[in-house]
Structure formats: C-alpha cells, structure tokens
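So the sequence lines, in the order shown, correspond to chains A and B.
For what it's worth, this note's numbering labels the leading residue of the first sequence as 62, then goes sequentially.
For what it's worth, this note's numbering labels the leading residue of the second sequence as 466, then goes sequentially.
Below is one structure, written out as structure tokens; the observations come after it.
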Amino acid sequence: MPDFLLEIGCEEIPARMIDAASQELEKRVHELLQRERLAAAGTISRFDTPRRLAVLASGVPASQPDVTEQITGPAVNVAFKDGQPTPAAHAFAKKAGVDVSRLERATTPKGEYLSAKVTKKGRTAREILSELLPKEIGSIYWPKNMYWRKPNERFVRPVRWLVAMLDGEVIPLEFDGVKAGSTSRGHRLAGATAVEISKPSVYADSLRKAKVLDAGEREQQIRKALDAVTRTISGARWREDKSLLDTVINLTEFPSVILGSFDPEFLELPDEVLVTVMRDHQKYFAVEDTKGKLLPHFLAVLNTDGDPQGIIRHGHERVLRARFNDARFFWRTDQKHPLRERTEGLKHVTFQKDLGSYHEKALRVQRLCSWLAEMIRQSGMAIRPGVIHKAAYLAKADLTTELVKEFTELQGIVGGLYARVQQLDLDVPESTRLAIADVIYDQYKPESTEDSVPRSIEGAVLSIADKADSIAGMFALGLVPTGSKDPFALRRQANGIVKIIAEYKLPVPLGQLFLDAREAYHGSEAEKKFSGKIDFGNVLRDFFRERLEFYLREVLGFKYDVANAVLAAGCDDVVDAAARAEAVTKVRPSADFESISVAFKRIKNILRQAEQAGKQVTANIDSAALQEAAEKELASQIPHTANKVEALRQGRDYELALVEISKLRPAVDRFFDKVMVMVEDKRIRANRLALLQTLLKEFSTIADFSEIVTEGKDTSRN
Amino acid sequence: MLSASTHTLTKTDSNPLTFQELILRLQTFWAERGCVLQQPYDVEVGAGTMAPETFLRVLGPQPYKVAYVQPSRRPADGRYGENPNRLYKHMQLQVILKPPPENVQQVYLESLGAMGIDLRQHDIKFEEDNWESPTLGAWGIGWQVMLDGLEITQFTYFQQCGGVDLYPISVELTYGLERITAFLQDKDSIYDIVWAHDPESGRATTYGDVRLADEQQFSVYNFEMADVDKAWKHFELCETECRALLDKYAALTKEKNVDGFGAEKKRFPILAAYDLCLKCSHLFNILDARGAISVTERVGVIARVRALAVGIAKAFVGQQRAETPADSEEEPADEKKPRVKREKMSPVGS
C-alpha cells in the first residue's frame with residue numbers, strides 16, 4: 062500500500078498559528094481517509110515549519126475496497142407474468158447490472174421479492190484525494206487570513222507550492238491556482254531552492270539535506286545550542302522560557318544560536334525592563350548566574366546554519382544596544398516628571414470610549430478600594446487603607462511614561478519600579494512607600510490562572526477593584542463576553558478576581574462588590590451611556606457563576622457535579638463556595654451521603670411533577686395531617702437536625718453539617734419505603750409535598766445534593 | 466543566487482554605502498524591475514502609504530509599479546534631536562507592486578543584495594506584523610523583515626484601502642532608510658550616518674549635518690509652539706473644503722444622463738480633495754503632539770479624517786471606472802455589490 066504526502070508550501074506563517082493549524086491539517090487528513098474508507102495501515106504524522114505544513118500517512122490503500130450489497134427489487138408477482146419477465150424485472154436487472162436470469166429471490170414477511178447482489182467498485186485513493194484535499198486545505202481555521210490573488214481564495218499567507226504524492230506518483234490537485242507536484246523547497250538562504258521528493262518516505266531526509274528540520278528536531282537543536290554556547294561562560298545558565306522557545310522554534314527552519322554581550326552598564330536598569338526588551342522585542346533568551354542575577358549576555362536564535370565571522374552577532378549586539386539606550390533614555394526622561402505629577406495627564410488617556418479616561422477610572426477605583434478596605438477591616442483582617450488609597454491614585458500614572466508607551470506589557474510594573482525610587486509625597490515614610498510601590502507593581506496580577514496573586518492584601522484589593530471597575534463598566538454598557546468574543550479579556554479578569562478572593566480568603570461577596578463597582582460610576586458621564594436593556598445583577602451573577610465553576614474545577618480540581626451542587630446553593634461568596642466544595646468532596650464517599658443525594662434527586666422530581674400537574678403544596682407542615690409513622694418520624698426529625706445544621710453552617714463547619722444531614726438517611730429511607738406521596742386525598746398529599754419541600758429547602762443551603770451524580774444507583778432502589 | 470551584488474558586508478567593511486547611495490541603489494534596483502520612479506509627495510504625510518502614489522494607486526483595477534522615497538512626518542515622534550534612534554521626520558523608500566509577482570519575496574531579498582548585503586552571511590526572518598491605519602480606513606497582512614534582529618522593512622499585502630476591498634492586491638514594501646544605513650555603516654546614532662561623500666575633497670556630510678536643525682526646531686514647534694487654535698481652524702477649513710468637493714462630486718454622479726457627464730467626472734479634482742484630507746491628517750498629528758486633543762475628541766477626529774479618506778477612495782474608484790470601462794472584465798463577479806464597507810476594521814496585530 063502506498064505512502065501519502067501532502068505539503069502546503071507557504072510564505073512565512075505567523076509563528077503563533079503554526080502548531081494549531083498543523084494539528085488541524087493532520088486531523089483533517091486522518092478523518093478524510095477514515096471517511097473515505099482509505100484508513101492508513103501505518104502511522105499518520107505531521108511536519109511543519111514557518112514555510113510549510115505537511116502530513117504523511119503510511120500504508121494508504123490504493124483504492125477503496127469494493128462493496129458488495131444485496132439489493133431488493135420488485136415483487137415477484139409483478140416482475141414475472143406467466144413465467145415471463147415483465148419490464149419491471151428488466152429494469153431491475155439493468156439497475157443491478159446482471160442478466161434477468163441471474164436475479165435471485167428473497168422471501169420477506171410481505172411476500173417474495175426479486176433480489177440481486179451488486180458490487181460497487183471502490184474509487185482510487187488518487188481520485189478521491191485529488192478531489193477532496195483542496196476543500197480540506199481551504200477549511201483550515203486561521204485566526205486571521207488574507208487573499209492575494211482572488212478575493213474568494215483565502216489562506217493565512219500566499220500558498221506558493223504544493224506537494225501531493227502517493228508513493229512516487231503525484232496526486233493531481235490544485236489549490237488557489239497552485240498545482241501540486243513533487244518539488245518542495247529548501248531553506249530560503251541555506252538550502253536548495255528546489256528539492257525533488259522521490260517518495261513520501263524520504264520527505265524528511267530530503268528536507269534535512271536542504272536545511273529544513275521538523276519542529277521536534279528544531280527544538281532539540283535549539284536547546285542543545287543554547288546549552289553549548291552558555292557553557293562558554295562559567296557559572297552561567299540561560300533563563301528557561303517556554304513560550305519564547307515555542308516562538309523561536311516556529312520562526313526557524315534550521316536554527317542555530319549565538320551568544321552576544323552588552324555593556325554591563327545597562328545592568329543598572331531593572332531586570333524587568335532588560336528582560337522585556339530582550340524577550341518580547343528581540344526574542345532573545347536572558348543569561349543569568351546561578352543565583353538568578355542577570356549577566357550582560359543574551360542568546361539569539363538564528364534561522365541559519367551559523368555565524369562563522371561573527372557578523373550576525375555584531376548586528377544583534379548593535380540592535381540590542383540601541384534598544385537598551387532607548388530604554389535608559391526613557392527611564393531617565395520619565396524621572397523628570399514623577400508619578401505624582403502624571404495623574405493629571407491621565408485625563409488624556411482613554412480607558413474605553415464610553416467609560417472615559419484613566420483619570421476617571423483611577424478615581425472610581427480609589428473609591429471602590431476604600432469601600433472594600435473598610436469591608437475587610439470590619440471583618441477583622443489587618444489592612445492598611447492609606448497604602449491602598451495612595452496606590453490606587455497613582456496606579457495608572459505610568460501609562461503616560463515613555464517607558465510604558467514603548468513597552469506596553471510593562472504597565473503596572475513600571476509604575477511600581479518608579480514608585481520605588483521616587484518621592485511620592487513629603488510625609489510618606491520609606492516603608493510605606495515601598496509597600497505602595499509593590500501594590501502598584503502587582504496591580505495586574507494574576508495575569509493568568511497560573512500567575513501568582515498580588516503579594517500583599519493591599520495589592521489584592523487594588524487588583525480586584527481595578528478589574529471589577531472594568532467588568533462593571535463593560536457589562537453596564539452591554540458589552541458582555543459571548544462565545545469566543547471577549548475583546549477586553551473580561552473572563553480573564555473575572556478569573557483573577559475569583560482567584561484573589563479565594564487565596565486571600567477575603568470576605569467580599571461578589572454581588573456586593575459589583576453593586577459597589579456600579580455605584581462608583583454613579584453620576585458620571587459614562588453612566589449616561591449605560592444600556593437600559595441589561596439586567597446587570599443577574600447577568601453578572603451568571604457570568605461569575607461560570608468563572609467560579611471554572612475555578613473550582615480547573616484550578617482547585619473539584620469534580621464537576623460537586624461544583625454544580627455547591628454553586629446551586631450559592632455562588633456569591635467565593636471562599637464559602639470553595640469550603641463547601643471541599644466538605645462535599647470529603648463526605649461524598651459515605652454511603653449515607655450517597656443515599657441522601659439519591660433521595661434528594663427523587664424529592665426534586667416529585668415536587669417538579671407535582672408542580673407541573675398543578676398539585677397544591679401546603680405552605681407549612683400540618684402535623685395533624687401526618688398519618689403514617691414514617692412521615693411523623695421524618696417530620697419530627699427535620700427541625701431538630703435543621704437547628705444543628707444551621708448552627709454548624711453558621712460556624713462554617715460544613716463537613717460536620719453534612720454528616721448531620723446524612724444522619725437523616727434512615728428516616729428518609731423509611732419515608733420512601735412506607736409512604737406514598739401522591740395519594741388521592743388532597744390534604745394529605747399537599748401536606749406530604751410540604752414535608753418534602755421543607756426537607757429540600759432546609760438542607761440545600763450547603764449544596765444541592767440532587768446535583769451529585771451517583772452512578773445510576775438512583776434507579777436501583779424504589 | 467541571492468547575492469545579486471558581489472559586495473560583501475563585514476564589520477571591517479571600509480566602504481559601506483552612504484545614505485544617498487543606498488537610495489540610488491534601491492531606486493536602480495526597482496527601476497530595473499519595471500517600477501516608475503516617483504519623487505517624494507509634496508504634502509506632509511505620516512508615511513509613504515499616505516502619498517497618493519500608494520493610497521490611490523492601489524485602488525481599482527489598473528496594474529501599477531512604483532518606487533519613491535517619502536519623507537514621513539510624525540510630530541509626536543520628535544525627540545529634539547536628542548535620541549539617537551528617533552526622528553520626527555524619517556525617510557521611507559516605498560515600493561508598490563500591483564499585482565505582486567509570484568516570487569515577490571525572492572525579488573525583495575534580491576533588493577537586499579543590491580544594498581551590498583550577502584544574505585548567506587546574515588540572519589533573515591519574516592515575522593508576523595499586520596499593518597493598519599484607522600485614519601485611512603486601510604489595512605494589510607504581512608511581516609516585519611528582520612535582518613540580524615533589526616527591523617529593516619515592512620512587507621504588506623494590502624487588503625483594504627479607504628474602506629474599499631482591493632482587487633487586484635498590491636504588495637507594499639517600506640524600507641526604513643535611516644536604520645538600514647546605520648546598519649550598513651555600523652553607526653549607533655542616526656545623526657552619525659554618512660549621507661554623502663564628496664569625491665573631490667573626501668569630506669563626509671552626515672545625517673546630522675543635513676537634518677539635525679530640522680529635528681530640533683520642529684520638535685519645539687510641534688510640542689511647544691504650534692498654535693492650537695489656528696491648527697484647529699486649519700483643520701476645519703481643510704475638512705470643510707474637502708467635504709464640499711466630495712459633495713459636488715456626488716451630485717455630479719447623480720446627474721449621469723447629462724451630456725458631457727463622463728468628461729465632467731474625469732476632470733473632477735478628487736486628487737485635490739485628497740490633498741486636503743492629507744492636510745487634515747497632518748494637522749491632527751500636530752494637535753495630538755501638542756496634547757490638544759481630549760479623550761472624547763480623539764476617536765471622533767480620527768473618524769472625521771477617515772470619513773474623508775473613505776469618501777475619496779470611493780469617488781476615485783468610480784472616477785477610474787468611468788475612464789476605463791474596458792478594464793471591468795478583470796473585476797470579480799461580486800462587482801455589483803457596494804464595495805465600501807462601513808467600519809470593518811480588523812484589530813491591529815491579531
């Protein structure tokens with residue numbers, strides 16, 4: 062069986078898009094082969110570089126297997142009259158491709174029918190691939206695509222060549238005006254322009270000779286080279302940086318590494334600035350000593366096979382010197398106007414077109430911070446409102462600095478660095494100033510689920526307030542994230558709020574936080590733009606419920622049903638929800654708890670059906686209407702247990718509270734064994750429903766047990 | 466095959482190109498590949514893209530190849546001549562290839578050879594960089610070309626200009642002349658690069674000799690002395706006149722059955738309207754550098770300039786069509802549909 066190769070040759074594909082597209086292409090080819098009954102006997106693999114996406118499949122059948130099927134024709138009594146075939150019989154024979162004499166008969170419950178065996182010839186792989194591959198290529202998802210020839214031909218970058226082969230034979234196909242052949246291309250500068258591929262199995266080797274390596278090989282080669290050149294400096298190591306490594310892997314076809322140096326004088330600039338320049342702007346790895354202190358060196362990954370004369374190194378050093386000079390120039394220029402003089406300038410920096418300037422935002426966030434700080438202080442936690450107050454006011458001032466205009470990714474960090482070295486106010490003592498600097502520095506943390514939260518509680522409050530202000534403003538405008546559309550990264554910001562509240566165990570209910578955040582807009586110009594259509598409180602609650610579910614499941618690792626159960630009982634208090642999830646997880650394995658979960662599910666069903674049938678439920682349990690011993694027992698236990706549970710719940714001793722609830726199991730079980738709920742007697746029925754409703758209401762405040770999945774056991778007992 | 470020139474750059478290169486030689490080499494290179502050599506446009510622009518040789522020529526069906534140096538003014542980028550890498554006014558060498566040849570990247574790389582760069586001794590990367598100008602309603606897809614870590618060229622496949630979807634597509638190459646010269650001459654400051662060598666006296670004239678005063682004085686003007694009220698008035702005058710021209714053109718197209726309509730349309734000064742739009746854009750940049758544009762105004766003013774640019778692009782396409790009816794067969798099938806889209810900008814760099 063032949064081997065298959067498809068290579069799409071392209072002008073340089075953006076590094077960030079290569080991995081996903083390459084995986085998708087492999088999947089598409091795999092599924093196409095499956096769908097067309099051409100599944101490869103051997104492996105399917107991919108090969109990608111900035112200039113090509115390729116898929117290889119070994120052992121693809123040369124054609125689809127033939128298919129034989131039995132087809133049924135007209136009834137025999139219609140097909141034959143007086144033993145002679147009628148036109149109906151002839152027509153069927155023609156359709157089946159056999160002679161009338163070879164038609165078979167099949168007996169069915171409806172009578173005897175004509176029947177025939179038909180063999181459909183499988184189509185060749187060449188034919189099918191030639192027909193279907195262009196559509197697969199054109200369906201690859203790109204975050205951003207373009208056209209270069211005709212408006213309806215779209216791809217990430219212009220396609221310049223195609224290789225499509227089954228063993229040594231070219232599959233004739235065309236995509237966006239490019240015809241497939243057997244000629245690939247080598248490395249732009251270091252390899253051959255034309256690389257003839259004799260057959261798919263030698264593809265990777267042929268390209269290697271033309272200085273083109275697959276991603277895996279490039280990674281190895283880069284890592285090895287980074288290690289090797291770093292070893293030339295004693296006690297040095299390169300700073301591991303996964304995302305940078307992924308980027309340079311996808312910017313090269315044949316990588317090598319050079320070690321460059323810069324003037325140690327630049328080490329007076331903060332590490333953050335130096336590393337940002339090197340990593341984000343030049344894609345260099347930083348070099349550090351064993352203690353993690355930066356050394357005046359850098360590592361550049363080249364897309365060529367070496368730099369014997371040091372010409373490339375010299376060029377990179379020159380560029381970095383200019384970048385560092387710029388940064389130093391900006392740093393020094395910025396000091397002429399300290400942060401405290403910059404807050405006025407924020408009036409000219411737009412936060413969002415309808416939400417006004419960063420100056421207005423800073424004042425709102427400052428107000429929100431002081432409300433939050435008070436809320437936290439009253440709960441008995443130690444907090445320095447003065448530090449937050451000052452930090453909130455100065456937090457956005459760095460947006461007007463040259464350094465942040467140049468290196469936007471350093472916003473917040475630059476503010477923190479400047480606050481550390483600047484006079485903030487005449488009366489601020491050194492220690493307070495450093496605390497303020499840290500709060501400003503940490504204001505955007507956590508930037509992802511993996512990132513750490515701000516280092517101080519004051520930093521935590523500022524970060525929450527800043528994010529809550531953005532979310533409240535955007536939601537009030539009606540700019541709620543939907544599907545993949547979240548241009549202001551509100552989900553990420555909400556995740557940040559949840560993470561901070563959870564890790565600091567802050568007594569900040571989300572509902573209150575957003576009422577306050579919304580209140581901070583009161584009387585502003587922005588408020589006039591707010592949408593009257595949006596149900597602010599409810600939409601936000603649903604939004605945060607999703608964020609909390611994400612946090613409980615993905616960050617804390619709780620089971621999805623535990624998260625659902627807990628959030629159904631309340632999703633306003635992050636810390637509390639996490640504590641309840643932990644308690645539920647702990648008691649969940651017990652048999653009593655499982656049984657209670659099953660019973661609650663049943664109760665919920667009964668109540669729902671009763672409601673749908675319009676059956677009346679009494680408001681309170683009428684003890685006079687209780688008939689059976691089992692229902693009397695349950696009714697008498699409820700208030701007793703409820704009191705205990707409520708006391709434990711108040712003390713946030715959820716685990717013990719759940720154990721208490723579990724103890725209801727015998728009474729609940731007996732109730733369902735002995736008592737029929739939906740009886741004819743209206744009064745008794747209404748009272749029994751009331752009993753169940755009370756049970757559900759009293760004991761669903763920690764978690765909605767009916768959400769707990771119990772592996773089908775709920776149907777086994779009745 | 467890439468080193469079109471045998472001239473090899475090394476650190477010890479004793480005779481790198483001067484600024485003006487670089488321009489001459491690039492112009493010769495592109496002239497040899499069929500480009501019209503235009504001269505810099507004589508209205509202030511922020512980039513070579515804004516010169517009509519790009520903004521208008523990429524519209525409509527006519528093939529065109531052009532190269533020109535364009536001094537580009539960006540008032541807010543001025544640094545009083547004190548920053549060795551930043552300029553209020555820098556020089557771009559702009560190339561438009563409409564439509565681009567299939568081997569356009571290869572041809573571009575050969576142009577580097579023409580500068581004396583032996584690519585086999587250097588590191589070249591094409592890194593994603595998509596270009597967008599909200600003021601012009603224009604955007605494209607492409608790369609920044611990195612040579613040993615230095616961005617030397619913007620390489621863009623134009624997709625939309627003045628809100629009009631383009632067909633055929635143009636490739637725009639924008640060479641940063643100062644930084645390339647600094648690279649070739651191994652200078653750390655733009656002001657130290659050699660602009661010209663006098664072959665008789667051997668005397669070198671530097672970039673600083675030619676342009677430093679320019680940078681100092683215009684920084685002072687743009688940041689400190691430009692009269693905000695007058696600049697606003699200029700802006701409004703230019704905008705009003707531009708709009709009036711566009712309105713007249715629109716009225717003209719409505720009377721299409723009148724005799725001599727084609728000739729009237731053809732002589733209508735859309736090009737003058739575009740000059741007025743460019744002036745608005747430059748005045749906006751000055752006001753911005755002066756810090757005279759408030760938060761609420763900013764978005765609105767950009768939208769006003771874009772409205773002019775979009776109106777001009779649309780009118781220009783219509784005018785071209787009137788001139789060259791025979792070309793319409795080259796157009797794609799959906800020609801009947803309105804080609805001007807409203808505000809369909811793609812976000813920068815994503």
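Beta carbons: idealized from backbone N, C-alpha and C, even for Gly.
- The region 115–127 of chain A makes no contact with the region 162–179 of chain A, as fewer than three CB pairs between them are under 8 Å.
- In the structure shown, the three-state DSSP call for residue 555/B is strand.
- Annotated three-state conformation of residue 597/B is strand, per DSSP.
- Rounded to the nearest angstrom, the Cβ distance from residue 245/A to residue 224/A is 5 Å, consistent with a contact under 8 Å.
- Interface residue (Cβ-Cβ distance to chain B less than 8 Å): residue 414/A is classified as such.
- Proximity to residue 671/A across 219/A, 404/A, 753/A, 536/A peaks at 753/A, based on C-alpha coordinates.
- For residue 178/A, the enclosing beta strand (DSSP E) covers residues 172–181.
- In this structure residue 180/A is exposed. Its beta-carbon is surrounded by fewer than 16 other beta-carbon atoms within 10 angstroms.
- Look at the region 236–263 of chain A and you find no whole run of alpha helix (DSSP H) that is 4 residues long or longer.
- Three or more beta-carbon pairs separated by less than 8 Å link the region 389–401 of chain A to the region 468–487 of chain A, which places the two stretches in contact.
- Three or more Cβ pairs closer than 8 Å define a contact, and the region 304–321 of chain A meets that threshold against the region 95–115 of chain A.
- In this structure, residue 635/B sits near residue 523/B, with a CB-CB distance shorter than 8 Å.
- The C-alpha of residue 561/B is placed about 8 Å away from the C-alpha of residue 500/B.
- As computed with DSSP, residue 501/B is found in a beta bridge with 531/B.
- For residue 634/B, the nearest CB of chain A lies under 8 Å from its own CB, placing it at the interface with that chain.
- Of all C-beta pairs linking the region 74–83 of chain A to the region 190–207 of chain A, three or more are shorter than 8 Å, placing the two stretches in contact.
- The shortest C-alpha to C-alpha distance from residue 642/A to any of 575/A, 544/A, 695/A, 762/A is the one to 762/A.
- In this chain, the alpha helix (DSSP H) harbouring residue 697/B covers 693–719.
- Annotation for residue 664/A: 753, 757 place their beta carbon closer than 6 Å to its own, counting only its chain and skipping 5 residues before and after.
- Taking 7 Å as the Cβ-Cβ cut-off, the region 316–350 of chain A approaches chain B at 343, given in chain order.
- Inter-residue distance for residue 600/A and residue 532/A is about 12 Å (C-alpha atoms, whole angstroms).
- Neighbours of residue 248/A across chain B, judged by C-beta separation under 9 Å, do not exist; the nearest C-beta is about 11 Å away.
- For residue 226/A, the closest Cβ of chain B is not nearer than 8 Å.
- Taking C-beta atoms as the reference points, residue 594/B and residue 608/B count as a pair closer than 8 Å.
- Using a Cβ-Cβ cut-off of 8 Å, residue 624/B counts as an interface residue toward chain A, since at least one Cβ of chain A sits closer than that to its own.
- Here the alpha carbons of residue 176/A and residue 132/A stand approximately 6 Å from one another.
- Contact of residue 390/A with chain B by beta-carbon distance below 7 Å involves 548.
- Of the candidates 128/A, 732/A, 725/A, the residue whose Cα lies closest to the Cα of residue 693/A is 732/A.
- By the criterion of a C-beta distance shorter than 7 Å, residue 243/A is surrounded in its chain by 224, 226, 231, 257, 258, once the five residues flanking it on both sides are discounted.
- Residues of chain B whose Cβ lies closer than 9 Å to the Cβ of residue 241/A do not exist, since the nearest Cβ in that chain is about 16 Å away.
- By the C-beta density criterion, residue 674/B is exposed, having fewer than 16 other C-beta atoms within 10 angstroms.
- For residue 130/A, the enclosing beta strand (DSSP E) starts and ends at 128–136.
- In the DSSP assignment, the residues bridged to residue 145/A are 142/A.
- Contact between residue 738/A and residue 750/A holds, with the beta-carbon distance rounding to 7 Å and staying under 8 Å.
- Between the C-alpha atoms of residue 458/A and residue 450/A there is a straight-line separation of about 14 Å.
- By the Cβ neighbour-count rule, residue 673/A is exposed, with fewer than 16 other Cβ atoms within 10 Å of its own.
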